[in-house]
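Enquirer:
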Amino acid sequence: MNLSRTPRLKMLAADLALLLVAVIWGGGFIASKEALSSLSAFGVMSSRFLLSAAVMFLLFHKQILRGTGREIRYGVIIGAIQFIAFIFQLNGLALTTVERHSFLVTSYAVFVPFLSVALAHNPLRRRDVGCALLAVTGLALLCLKPGNLTPTLGDVLSLMAAICFSIQIVYVGNFVKGADMFSMTFFQLLTPGLLALPFSGLPDALVYAGENALTGIAYLVLLNTVFAFSAQNIAQQHTSDAHASLIISMEAVFGFLLAVWFYNHGVSLQECLGSVLMVAAIVLSNTKK
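Adding 410 to a residue's 1-based position in the sequence shown gives its number in the numbering used here.
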């Protein structure tokens, strides 16, 4: 018997892949903040996605050239949603703190179960809703601080990004069944890169960007985009939208831990409790009834 083909092992492999995506995207908050030190939001978006599409083509050009109209259409749709989401995310990140932004953007864990019903007609499970609410409670404890809860424009933009990412996760879960992942992912990356290009100031913006910004772009291209987006699209073939969003929302925990290390921040009991609640939500989501 080939154990690698059993649904249980495929789901476990998908969970581990999504957890690795969450770790990488956690570092992406820092990389994005560094990239924004020299580039505009459109400059970051266009350079990130166009360079990522170029890397994808170099690595997987045979699969991409064999792509059908279906993969192109799906990739363009997801890429257009992604473009809107990143406009909100990057402008929101520029106008609020990394901690508040992390909380608001990863609140997609709450929206996904309901949007999965509305957009993909998937059943709404009480467990998914309960785990999502538990995860967001953990996120609030992790990212929000007493006395600093007044909403800002950056917070509103970050929340809009969360809604767009929720739609993206649902559509990825709906489109990936039977599609060629490398072809679809290529067009998913190419679309926002081209849409952002007229407003980006490239290539001059990259030429005059600082070292920290270029390092941030390199991280965003190779890890945050080429690897992580491909891994997410493949992993979502073997799990539900709601479950995937829960695991990916751990990016806030990893983003917090990496920020503690990178910026030499302290850790409070409230933040530790928030992290525990997020892990508990994922464990409960995986527990059989």
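The beta carbon of each residue, even a glycine, is placed where N, CA and C say it ideally should be. For clarity, every value in this text was computed on a predicted model and none was experimentally measured.
1) On the three-state DSSP scale, how would you describe aspartate 590?
2) Alanine 571 to glutamine 492, Cα distance in whole Å?
3) Go through its chain and collect everything with a Cβ distance to glutamine 578's Cβ below 7 Å, but skip five positions before and after it.
4) Identify whether methionine 570 lies in helix, strand or coil by the three-state DSSP scheme.
5) Does DSSP classify asparagine 622 as helix, strand or coil?
6) So, is glycine 453 buried or exposed, given that buried needs 16 or more other C-beta atoms within 10 angstroms?
7) Once the 5 residues before and after alanine 619 are set aside, which same chain residues still bring their CB inside 7 Å of it?
8) At the level of alpha carbons, what is the spacing between proline 556 and glutamine 680?
9) Taking just the CA atoms, how far does histidine 653 sit from alanine 451?
10) Could you tell me which of Val636, Ser512, Gly588 sits nearest to histidine 648, measuring between CA atoms?
11) Assuming methionine 594 contacts glutamate 481 under a Cβ cut-off of 8 Å, what Cβ separation, rounded to an integer in Å, is found between them?
12) Look up glycine 611 in the DSSP assignment and say whether it is helix, strand or coil.
13) Can you give me the C-alpha to C-alpha distance between alanine 669 and valine 677, rounded to a whole angstrom?
14) Does the distance from the CB of leucine 543 to the CB of glycine 684 come in under 7 Å?
15) Is the beta carbon of leucine 514 sitting closer than 7 Å to the one on serine 442?
16) Output the distance between the C-alpha atoms of alanine 690 and cysteine 682, rounded to the nearest integer angstrom.
17) By the 10 Å Cβ neighbour count, where 16 or more other Cβ atoms means buried, how is valine 617 classified, buried or exposed?
18) Using only CA atoms, which one of Leu429, Ala424, Trp435, Leu426 lies nearest to leucine 632?
19) Quick check on methionine 411: does DSSP put it in helix, strand or coil?
20) Is alanine 463 near glycine 603, with beta carbons less than 7 Å apart?
21) Look at the Cβ atom of alanine 662, then the Cβ atom of threonine 516, and state whether they are nearer than 7 Å.
22) Here's a check: name, in chain order, each residue in its chain whose Cβ is nearer than 7 Å to the Cβ of asparagine 622, leaving out the five neighbours to either side.
23) Taking methionine 455 and leucine 525 to be in contact with their CB atoms under 8 Å, please state how far apart those CB atoms are, rounded to whole angstroms.
24) Could you say which of Phe639, Thr507, Arg536, Cys541 lies nearest to alanine 519 if we only look at CA atoms?
25) Evaluate histidine 471 with the Cβ neighbour count: other Cβ atoms within 10 Å of its Cβ, from every protein chain shown; 16 or more gives buried, anything less gives exposed.
26) Please state whether the Cβ-Cβ distance between glycine 485 and leucine 687 is less than 7 Å.
Expert: So, from the listed chains and residues:
1) coil
2) 9 Å
3) Listed in chain order, the non-local C-beta contacts of glutamine 578 below 7 Å within the same chain comprise Ile488, Ile491, Gln492, Ala495, local neighbours out to five positions each way being set aside.
4) It is helical.
5) helix
6) buried
7) Ser448, Leu449
8) 11 Å
9) 30 Å
10) Gly588
11) With a Cβ gap of about 4 Å, methionine 594 and glutamate 481 count as contacting.
12) coil
13) 11 Å
14) Cβ distance not < 7 Å, so leucine 543 and glycine 684 don't count as in contact.
15) no
16) 12 Å
17) exposed
18) Trp435
19) Residue confidence for methionine 411 is low, a pLDDT of 37 falling below 50, so the modelled location carries little weight and cannot support an answer.
20) yes
21) yes
22) Glu444, Ser447
23) Actually they are not in contact, since the Cβ atoms of methionine 455 and leucine 525 sit about 23 Å apart, beyond 8 Å.
24) Cys541
25) exposed
26) no
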